[in-house]
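Residue numbers (my numbering): 5 to 489. Where a beta carbon is used, it is the ideal one built from N, C-alpha and C, also for glycine. Since we're looking at a predicted model, the values are computed, not measured.
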Ligand code: NAD
């Protein structure tokens, strides 16, 4: 794959190289080394925080309307560069062109929400006593941080950056060290759009950078997206130093399929949900609970899954370790007595033998005690559990520790409503396999899929990135009115 320039940190508007240790960036499409990135240290985080602190007074003093002008320009730059940004995502993450392009389009939509913030935040004021007014204004927090995972190199950083900045904060971002290229372009385009130096800073690296962010006394809030294991570590560590934190974790999403579901639409939706982005989506279907007689739908799913060809219409998974882990889950299910209806193990793509590919996999007759029923696999694999009725299906869904998404496929409004009410997940789909709420609705799960208050996008993120300032004013102190009048 095409080599890319060495990844550098972006601090105070400049790309900087400090002689840190480096790590290779590998394209999962063919396993080749395409770049390297710095493994930054506590000192690099400190330098970035100082730059963000210096930029904060003038940035936060601007009006919302002034700040959004930059994001109108930035959104246009995303649109103008969409083909290049799409190919960069493909190169570092391995997903299909269409999937990668949809990521950039979603980033544009996130910017559209951010530029609408001046229309949303009108603050509040009331004459609480005669001649006395109380008002509430939303004020930024200061320097904030955002930490992201490998599976959406462009979109997830845009869950946080546009809103946090438009609201007047300055930011230190740490992208996934596995996919650092997209955020470098993000920094370049923000500069081109006119963002003042120091408002947005990029510090590359791994665990050390995350720990330095959690511990830094001058960072006010940390937003994290990644696995549940690390989300717990980050949430505990960031809040132990008294920061505000929202940490999104992993998922095990259940799709409940009822016998009256539209067979073609359901089969294609379930397969698209489990296989899109090679199953590496926190919103991907991982378990299908087939209620009563759904064999005709499962038969159609098998046909759909067999249409997926690794390296053609099914992208790669992220690494050799991921491929090995996913295949081990499939083998374990087989050893546990489940039936493999479509087997994606040992996929090889001609001409890209070094790449990391797993074919679409459907496992039937999974029971709730098996690891494929309980753990996040994060590959193009779906486990089918059979349930006798909807109550049992809901009980199975409720039994998961996670709670990102759940969906029901049915023609019955009453049964759909029952799932909407009883599923233990933050995002529910009715006849939709990937129920991502679009802007302005906010994104966030329940249970072990999210720690902290509120969601990461939409109106909820406005709460997260701001604090309320309450002012009580007597405009005409000479008047004979007072607090209690
Ligand atoms: P990850 O948890 O391994 O890494 C996420 C971030 O944490 C990276 O920036 C990484 O450098 C850092 N990190 C890794 N180990 C760390 C440690 N021990 N201490 C401190 N920091 C550490 O996640 P990933 O593999 O990059 O991404 C996949 C996971 O993210 C899946 O579990 C997926 O479900 C989840 N995810 C969740 C959502 C959501 O909205 N809930 C969205 C996207 C991805």
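Span separating the alpha-carbon of residue i from that of residue j
{"i": "residue 489", "j": "residue 473", "result": "Its pLDDT being 48, under 50, residue 489 is placed unreliably in this model, and the value from its coordinates should be taken loosely. Distance between the alpha carbons of residue 489 and residue 473 is about 24 Å."}
{"i": "residue 197", "j": "residue 41", "result": "25 Å"}
{"i": "residue 405", "j": "residue 373", "result": "13 Å"}
{"i": "residue 209", "j": "residue 48", "result": "10 Å"}
{"i": "residue 220", "j": "residue 290", "result": "37 Å"}
{"i": "residue 324", "j": "residue 126", "result": "50 Å"}
{"i": "residue 137", "j": "residue 475", "result": "8 Å"}
{"i": "residue 189", "j": "residue 92", "result": "9 Å"}
{"i": "residue 14", "j": "residue 142", "result": "29 Å"}
{"i": "residue 380", "j": "residue 284", "result": "10 Å"}
{"i": "residue 247", "j": "residue 170", "result": "20 Å"}
{"i": "residue 261", "j": "residue 97", "result": "31 Å"}
{"i": "residue 21", "j": "residue 235", "result": "29 Å"}
{"i": "residue 423", "j": "residue 445", "result": "20 Å"}
{"i": "residue 483", "j": "residue 128", "result": "24 Å"}
{"i": "residue 563", "j": "residue 450", "result": "What the structure shows of the chain is the stretch from 5 to 489, and residue 563 is not part of that stretch, so it cannot be assessed."}
{"i": "residue 19", "j": "residue 167", "result": "23 Å"}
{"i": "residue 326", "j": "residue 395", "result": "34 Å"}
{"i": "residue 244", "j": "residue 181", "result": "25 Å"}
{"i": "residue 160", "j": "residue 153", "result": "8 Å"}
{"i": "residue 359", "j": "residue 5", "result": "11 Å"}
{"i": "residue 479", "j": "residue 133", "result": "12 Å"}
{"i": "residue 417", "j": "residue 115", "result": "35 Å"}
Residue i beta carbon near ligand 1 (any heavy atom closer than 7 Å)
{"i": "residue 96", "result": "no"}
{"i": "residue 160", "result": "yes"}
{"i": "residue 178", "result": "yes"}
{"i": "residue 548", "result": "This structure does not reach residue 548, given that the chain is present from 5 up to 489, and the question cannot be answered."}
{"i": "residue 103", "result": "no"}
{"i": "residue 152", "result": "yes"}
{"i": "residue 408", "result": "yes"}
{"i": "residue 58", "result": "no"}
{"i": "residue 286", "result": "yes"}
{"i": "residue 445", "result": "no"}
{"i": "residue 412", "result": "no"}
{"i": "residue 386", "result": "no"}
{"i": "residue 455", "result": "no"}
{"i": "residue 327", "result": "no"}
{"i": "residue 370", "result": "no"}
{"i": "residue 107", "result": "no"}
{"i": "residue 206", "result": "no"}
{"i": "residue 474", "result": "no"}
{"i": "residue 253", "result": "yes"}
{"i": "residue 188", "result": "no"}
Proximity of residue i and residue j at Cβ, strictly below 8 Å
{"i": "residue 383", "j": "residue 318", "result": "no"}
{"i": "residue 158", "j": "residue 111", "result": "yes"}
{"i": "residue 376", "j": "residue 337", "result": "yes"}
{"i": "residue 414", "j": "residue 303", "result": "no"}
{"i": "residue 333", "j": "residue 385", "result": "yes"}
{"i": "residue 409", "j": "residue 257", "result": "yes"}
{"i": "residue 254", "j": "residue 286", "result": "yes"}
{"i": "residue 433", "j": "residue 195", "result": "no"}
{"i": "residue 175", "j": "residue 156", "result": "no"}
{"i": "residue 78", "j": "residue 147", "result": "no"}
{"i": "residue 227", "j": "residue 460", "result": "yes"}
{"i": "residue 492", "j": "residue 89", "result": "The question about residue 492 has no answer, for the chain in this structure spans 5 to 489."}
{"i": "residue 391", "j": "residue 400", "result": "yes"}
{"i": "residue 430", "j": "residue 453", "result": "yes"}
{"i": "residue 288", "j": "residue 272", "result": "no"}
Terminal residues of the alpha helix (DSSP H) in which residue i lies
{"i": "residue 87", "result": "86-97"}
{"i": "residue 211", "result": "211-219"}
{"i": "residue 123", "result": "121-124"}
{"i": "residue 160", "result": "159-170"}
{"i": "residue 250", "result": "Premise fails: residue 250 lies in the beta strand (DSSP E), 248-252, not in any alpha helix (DSSP H)."}
{"i": "residue 431", "result": "Here residue 431 belongs to no alpha helix (DSSP H); instead the beta strand (DSSP E) covers 431-434."}
{"i": "residue 228", "result": "Element bounds for residue 228: not the alpha helix (DSSP H) but the beta strand (DSSP E), 225-229."}
Continuous beta strand (DSSP E) stretch holding residue i: start and end
{"i": "residue 413", "result": "409-413"}
{"i": "residue 237", "result": "Here residue 237 belongs to no beta strand (DSSP E); instead the alpha helix (DSSP H) covers 232-244."}
{"i": "residue 21", "result": "Here residue 21 belongs to no beta strand (DSSP E), and DSSP marks it neither H nor E."}
{"i": "residue 345", "result": "343-346"}
{"i": "residue 397", "result": "Premise fails: residue 397 lies in the alpha helix (DSSP H), 394-402, not in any beta strand (DSSP E)."}
{"i": "residue 387", "result": "385-391"}
{"i": "residue 128", "result": "128-133"}
Neighbour flag for residue i against chain D, beta carbons, 8 Å
{"i": "residue 58", "result": "Absent from the structure is chain D; it holds one protein chain and no more."}
- Item | Segments of 3+ residues assigned as beta strand (DSSP E) that fall wholly inside the stretch 264-307 | 289-295
- Task: Write down every uninterrupted run of the alpha helix (DSSP H) in the stretch 179-211 whose length is 4 residues or greater and which is fully enclosed by it, in chain order.
- Result: 185-196
- Continuous alpha helix (DSSP H) assignments of at least 4 residues falling wholly in the stretch 330-369: none
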